[in-house]
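Undergrad: Mind looking over this structure? Questions follow.
Protein chains: 2
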Amino acid sequence: MTRSWWGWGDVEQRVGDAEAAELVSRAAALLPDHDFTVHEPPSPSSLSVASPRVALPTALEALASTEVTDRLAHARGKAFRDVVRNLEGRVEHVPDIVARPRQEQDVVDLLDWCADEQVAAVPYGGGSSVVGGVEPRFEGPAVSIDLTAMDQVLEIDRTSRAARVQAGVLGPHLEDQLRPHELTLRHFPQSFEFSTLGGWLATRAGGHFATLYTHIDDLTESMRVVTPAGISESRRLPGSGAGPSPDRMFLGSEGSLGIITEAWMRLQDRPHWQETASVTFKTYARAVDATREIAQSGLFPTNCRLLDPMEAFLNAGISAEGGVLVLAFESADHPVDTWLARAVAIAESHGGEVQAKRDAGDGAASSWKSSFIRMPYQRDAMAQRSMIAETFETACTWDRFETFHAAVTGAAQEALERVCGIGVVTCRFTHVYPDGPAPYYGVYAPGRWGALVEQWDEVKAAVSDAIISNGGTITHHHAVGRDHRPSYDLQRPDVFAAAFAGAKRVLDPEGILNPGVLLG
Amino acid sequence: MTRSWWGWGDVEQRVGDAEAAELVSRAAALLPDHDFTVHEPPSPSSLSVASPRVALPTALEALASTEVTDRLAHARGKAFRDVVRNLEGRVEHVPDIVARPRQEQDVVDLLDWCADEQVAAVPYGGGSSVVGGVEPRFEGPAVSIDLTAMDQVLEIDRTSRAARVQAGVLGPHLEDQLRPHELTLRHFPQSFEFSTLGGWLATRAGGHFATLYTHIDDLTESMRVVTPAGISESRRLPGSGAGPSPDRMFLGSEGSLGIITEAWMRLQDRPHWQETASVTFKTYARAVDATREIAQSGLFPTNCRLLDPMEAFLNAGISAEGGVLVLAFESADHPVDTWLARAVAIAESHGGEVQAKRDAGDGAASSWKSSFIRMPYQRDAMAQRSMIAETFETACTWDRFETFHAAVTGAAQEALERVCGIGVVTCRFTHVYPDGPAPYYGVYAPGRWGALVEQWDEVKAAVSDAIISNGGTITHHHAVGRDHRPSYDLQRPDVFAAAFAGAKRVLDPEGILNPGVLLG
């Protein structure tokens, strides 16, 4: 497989002609006047990428790549605006060097050199950031430190169900190494194939479980982090009350405090029992009520994904006026039919109608799953055809959800109409908590080639304002990066930001670590 | 009710003559030579307590108390070594002033004054610290800032099941205010009656739930903290991935960064269904295996308390060679018999024998519960009779538990024999996680009046060394305070400590906040 330098995932998995024709015909039915001309990515060699301004010292030379495509591939993440800029051949901030440490000491040496030479160090895992987290969007030289050569499971503790894992491992390779032990992390973000453990930890990634263990934070037993001020390693502890959690300072620090090299992760037994059901509703309000009651029931479904009517229609091929709730329970210990039955009963008490089992198996859940994996590839294919296709995500408490959702979708719709003339906004809950949902919005609209980034940025600014002014978080699991900075700065307490900056000054006195994310 | 200045809880609930006689007769049967002479606490007025070295300014005078008993009551927490020092009439560090803010602005003004005058500010909730957390153990003047006048539930969000609560509320008063809304925090530490929400948050208290929502951290939606650098207020969010969690920096900060004035707390519906069972085992090793499998089952019992044979005998009146596992499930949503049946089946697969239901109701669980509430009072009564009775608690991963437990109990036993000639060590699991238990140890030994504190300190030093060198945490939920500092300094990563100190320098540039806890 060959990783795409400009778009999502592997080149070999790109949307093919038949899949593209199907996508275009569906879109064209709604948008007869849209220009679906395909824009192919430029050849990297045709782009005027400046030569590296710095070079690693001889001792570290073997870790370095200055090949242009490699540098371009490390210049941006995989947001819609990243992919479009790549397609347009816009060269902006490109790291001078891509360095691939093979062991922890290499990371120490690289950071030492960066501090001495005042070169920014941008940690890079799978590069799937959709918030500008890996983009050296600043003046001055930068090294992209790509951790993917450090990809081993180093130790397994079967008794406690935990493993010590190097941070650069990609999702599938991690699971491959755990499978012989009948263990699994069961952390499956949409980026699973193209993101690393270290990336998940640094960005507080959201995973497989819709309830309970939603963020990678909860699966983390201890961490090892290289900082310019030394290595921080926390104890392996199942729980502790000894001061503020050291791990929680590094979780979500997005490379601004150090580079995570290893972590002990809490694992699961591989599930033997799984039960799913899809429930349709007549009204979205009742579907939300049902979802809330299930989230507060203590049943803890593995999946509790409420698709709004448009999401259900577009991505699961189901027509339901009030949307579809996809429920799943799993266990390695016991049958989960009692659990599912109670969750379904709650849904029914709110007017939900369970879809026939065969539909559930072959229908909503699995259609949705396959489109989940294909979505980013399809997003790229549509971007090549001047279609805006992007997502944003948040969380808020249940009491304000109705107002919040109306404000956010209203702002999105208004902006789309202003900017693109027309557009569609969809919503699903990726995670639900006893005190609120994490809604994930999809935006689809016809754009104009050459203006796509600016068009999207205008829509994004409108929805971000609505999210912040209505009490949500600018990100539930995509992280802050550089794209979310204006909203994040309004959201986090100033006093906390000042304290965090104080901590950073101690760990990164030269300010070399991922400048521009979170602070600075 | 009248709070005791020298010992646990309310004077009116002290151990009476009959209860004392019973305790003494049980102890005397084992310790025929012990001197059970009762030592009554001194009269506060008989103690030479120095006059206050500072006085609050006129504007804050109404908040101040300089009454000697009040100052003595705020001079120490309620550890065994605190109570004994009180009984012995040892006057050491006494706050110059007790200040009782009535509103948040009072807290702001008090901290401003402390910063200007270089007076230490020691936050005080219910005063139940057992780690020296509220003791002004330093030179220089100190104000004990007692938050208990700020004790109101300010707002209820029934939909999201959350409440905005002032930090100074004591456990029972909090539950009284939530009950009309059919909501409950269900956070019941042993100190429940005499500890506050703010104290729980500042010390990462452990609560009612043996699994899942064990620490108060998990029940916290947002916090408001007054620091010398301003007020930090986080957003109410059910989950977020926007940078490191601001709340997690303040949770466990033990008053070193600021004073928590309010928090939005996640609540529970009051449970309608409850099922309990007590299971006895032939060997402790198999009991531990059963407990581990239940902890890893995904069943999430509310209670999963493994009492070792000595703990079961002393505190639940049950003889079982391998100990007793007390299981409970509860729900406001659904019957929990399926859950309990599976947990019991797991226990039985490890050789467990379920006790008859009536025994479970009237027996282990309830005996244990009533002794749980009385324990601290009985501890005081025995301390008055020169008996060492104290606890310590920790957590470790399952893989090392056997070695860890042997080392810790061995160290305790060896130290007791060296220091006291004889002694008993008991163990229960207060909380269990998929990756390890939180063992809670009890120590009972005959001491020598006048030497009790030094005797206990010697035992404690031995067990603390064993905990740290065998990979445990010096505290799972009692906090660090001043007593645990030497061990904490070995446990937390140095790099984290340096970063935390950097954060503190920003929030508390004058270093007035609870000097000596966690750092400094």
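Heads up: the sequence lines are chains A and B, in that order. According to the UniProt record's numbering, the residues represented by the first sequence are 1 to 520, in order. According to the UniProt record's numbering, the residues represented by the second sequence are 1 to 520, in order. Even glycine gets a Cβ: it sits at the ideal position worked out from N, Cα and C. Model, not experiment: these values are computed from the prediction.
(1) Could you name the residues of the region 468-501 of chain B whose beta carbon sits closer than 9 Å to any beta carbon of chain A, in the order they occur along the chain?
(2) Taking a contact to mean a Cβ-Cβ separation below 7 Å, would you say Val153 (chain A) touches Val134 (chain A) in this structure?
(3) When we look at the beta-carbon of His272 (chain A) and count the other beta-carbons within 10 Å, is it buried (16 or more) or exposed?
(4) Below 8 Å between beta carbons is the criterion; list the residues of the region 178-203 of chain A that meet it against any residue of chain B, in chain order.
(5) Roughly how many angstroms lie between the CA atoms of Asp35 (chain A) and Ala20 (chain A), to the nearest whole one?
(6) Report yes or no: is there a C-beta of chain B within less than 7 Å of the C-beta of Gly248 (chain A)?
(7) Can you pull out the residues from the region 159-171 of chain B whose beta carbon lies closer than 8 Å to at least one beta carbon of chain A?
(8) Between the region 54-74 of chain B and the region 92-112 of chain B, are three or more C-beta pairs nearer than 8 Å?
(9) Keeping to the same chain, check which residues put their C-beta closer than 8 Å to that of Leu519 (chain B); ignore five residues upstream and five downstream.
(10) Answer with yes or no whether the minimum CB distance from Trp398 (chain A) to chain B is below 7 Å.
(11) Please state the DSSP three-state secondary structure of Ile216 (chain B).
(12) Which same chain residues end up closer than 6 Å to Glu353 (chain B) when comparing Cβ atoms and leaving out the 5 residues on each side of it in sequence?
(13) Look at the Cβ atom of Leu251 (chain B), then the Cβ atom of Leu201 (chain B), and state whether they are nearer than 7 Å.
(14) Could you pull out every residue in the same chain whose Cβ sits closer than 6 Å to the Cβ of Ala73 (chain A), ignoring the five residues on either side in sequence?
(15) Do Pro244 (chain B) and Met150 (chain A) have their CB atoms nearer than 7 Å?
(16) Which residues of the region 380-409 of chain B have a Cβ closer than 8 Å to any Cβ of chain A? Give them in chain order.
(17) Are the beta-carbon atoms belonging to Tyr488 (chain A) and Val480 (chain A) less than 7 Å from one another?
(18) In chain order, what residues of the region 338-357 of chain A put their CB closer than 7 Å to some CB of chain B?
(19) Does the CB of Gly317 (chain B) have a neighbour CB from chain E at under 7 Å?
(20) Please go through the region 295-332 of chain B and give each complete alpha helix (DSSP H) segment of 4 or more residues, from N-terminal end onward.
(21) What does the alpha-carbon distance come out to for the pair Ala18 (chain B) and Ser331 (chain A)?
(22) Scan the region 412-444 of chain A for residues whose Cβ lies nearer than 9 Å to a Cβ of chain B and list them as they occur along the chain.
(23) DSSP beta-bridge partners for Leu519 (chain A)?
(24) Among B:Ala115, B:Ser43 and B:Ala395, which one has its Cα closest to the Cα of Gly230 (chain B)?
(25) Check whether the Cβ atoms of Leu23 (chain B) and Gln274 (chain B) sit closer than 7 Å, and answer yes or no.
(26) Using CA coordinates, which residue listed in B:Glu233, B:Arg286, B:Phe80 and B:Phe209 is at the minimum distance from residue 526 (chain B)?
(27) Between His431 (chain B) and Thr214 (chain B), is the Cβ-Cβ spacing less than 7 Å?
(28) From the DSSP output, in three-state form, read off Ala503 (chain A) for me.
(29) For the ligand MG, I want to know if Asp217 (chain B) counts as a neighbour, meaning its beta carbon is within less than 6 Å of at least one of the ligand's heavy atoms.
(30) Are the C-beta atoms of Val506 (chain A) and some chain B residue less than 7 Å apart?
(31) For Gly127 (chain A), count neighbouring C-beta atoms within 10 Å of its own C-beta (all shown protein chains included) and say buried if the count is 16 or more, exposed if not.
(32) Near Val506 (chain B), what residues of its chain come up, given a Cβ to Cβ distance below 8 Å and the 5 sequence neighbours on each side ignored?
(33) Let me know the secondary structure DSSP gives Met265 (chain B) once reduced to three states.
(34) Per the contact definition of three or more C-beta pairs closer than 8 Å, is the region 1-15 of chain A in contact with the region 423-442 of chain A?
(35) Would Ala229 (chain B) pass as an interface residue toward chain A - the criterion being a Cβ-Cβ separation below 7 Å?
(36) Comparing alpha-carbon positions, which option in B:Pro141, B:Pro486 and B:Tyr284 lies nearest Ala55 (chain B)?
TA: By the coordinates alone:
(1) Gly471, Gly472, Thr473, Ile474, Thr475, His476, His477, His478, Ala479, Val480, His484, Ser487, Tyr488, Gln491, Arg492, Pro493, Asp494, Val495, Phe496, Ala497, Ala498, Ala499, Phe500 and Ala501
(2) no
(3) exposed
(4) Thr203
(5) 14 Å
(6) The sequence shown places Arg at residue 248 (chain A), rather than the Gly named in the question. Chain B, which has a Cβ nearer than 7 Å to the Cβ of Arg248 (chain A), makes this yes.
(7) Thr159, Ser160, Arg161 and Ala162
(8) yes
(9) Ser256, Ala497, Phe500, Ala501 and Lys504
(10) yes
(11) helix
(12) Thr280
(13) yes
(14) Trp5
(15) no
(16) Ala395, Cys396, Thr397, Trp398 and Asp399
(17) yes
(18) Thr338 and Arg342
(19) Considering every chain present, this structure includes no chain E. Its protein chains are A and B.
(20) 309-316
(21) 52 Å
(22) His431, Val432, Tyr433, Pro434, Asp435, Gly436, Pro437 and Ala438
(23) BP columns for Leu519 (chain A) are empty, so no partner.
(24) B:Ala115
(25) no
(26) With chain B covering only 1 through 520, there is no way to say anything about residue 526 (chain B).
(27) yes
(28) helix
(29) No copy of the ligand MG occurs in the structure displayed, which carries no ligand at all.
(30) yes
(31) buried
(32) Ala229
(33) strand
(34) no
(35) yes
(36) B:Pro141
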